[in-house]
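Notes for the one structure printed next.
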Amino acid sequence: DTAVSQTPKYLVTQMGNDKSIKCEQNLGHDTMYWYKQDSKKFLKIMFSYNNKELIINETVPNRFSPKSPDKAHLNLHINSLELGDSAVYFCASSQGWATETQYFGPGTRLLVL
Amino acid sequence: DAKTTQPPSMDCAEGRAANLPCNHSTISGNEYVYWYRQIHSQGPQYIIHGLKNNETNEMASLIITEDRKSSTLILPHATLRDTAVYYCIVRVAGGGADGLTFGKGTHLIIQP
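Those protein sequence lines, which keep their order, are chains A and B.
Residue numbers 1 to 113, in this note's numbering, belong to the letters of the first sequence in order.
Residue numbers 1001 to 1112, in this note's numbering, belong to the letters of the second sequence in order.
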């Protein structure tokens, strides 16, 4: 059974479009994250979400917004996509803020044309 | 979080022990050392973490020097599947709200 899953695995779209990436975890964790890995392979935190608290990395444009319909899901919505948004996006989860053992999904490869 | 320094790449023969160093000379007393790895085209995977004592699990061993300024991750019998980028991360426990800060890591290549 996949612990953290993401859909789609690949996403190719045009500039200006709005898209969503879904993330689900079946670990019973209450904290979820979104990371972005750019072309230079640097992994950076975008959002951390725990119950009703959202921590946003201040460098993330407000075109990006996480949505959590329930504890097991944290989806990523991106409005007005730009070429620079092309990257691999990873979802992760952990049991609370107090642990650093995060479990990552397989990633979604986004290409904006 | 304290900064870490790792060699950009290392080679190791299959079946031998792979020893990956990490320097963290500015580590604070309440900061842990964590290791993750990222196999090509996959998400990062947690390996091990420790505060000051050496730690061992089914994947690896973590050796932390007495002054805690450096550590070594040991993969006892490396296989081809251990080829990956290995990240050493130093942070305070409970600081999860900020997410993990990944550096450039060490690209470990296991040679057949």
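Note that CB positions come from ideal geometry on N, CA and C, so glycine has one too.
(request) Indicate whether I1048/B and T1079/B have their beta-carbon atoms separated by less than 8 Å. (result) Between I1048/B and T1079/B, the C-beta spacing is not below 8 Å.
_For H1107/B, which residues in the same chain have their Cβ closer than 7 Å to its Cβ, ignoring the five residues on either side in sequence?_
These residues qualify, in order along the chain: P1008, S1009 and V1085.
query = Given E1055/B, which residues of its chain have a CB within under 6 Å of its CB, disregarding the five upstream and five downstream residues?
reply = Counting only Cβ-Cβ distances below 6 Å, and skipping sequence neighbours, we find I1048 and L1062.
Would S1071/B be called buried (16 or more neighbouring beta carbons within 10 Å of its own) or exposed?
Its Cβ being crowded by 16 or more others within 10 Å, S1071/B is buried.
Task: Sheet register partners of S1071/B (DSSP bridge) - done: Bridge partners of S1071/B: C1022/B and I1064/B.
**Message:** Using the Cβ count rule (16 or more neighbours within 10 Å means buried), how would you classify I21/A?
**Reply:** So I21/A ends up on the buried side.
Tell me, please, whether the CB atom of Q1042/B is closer than 8 Å to any CB atom in chain A? Output row for Q1042/B: interface = yes.
*Where Y10/A meets chain B, residues with beta-carbon distance less than 7 Å*: Close to Y10/A, with beta-carbon spacing below 7 Å, lies no residue of chain B; the smallest spacing is near 11 Å.
- Is G28/A closer than 8 Å to S80/A when the C-beta atoms are compared? Taking 8 Å as the Cβ cut-off, S80/A and G28/A do not qualify as a contacting pair.
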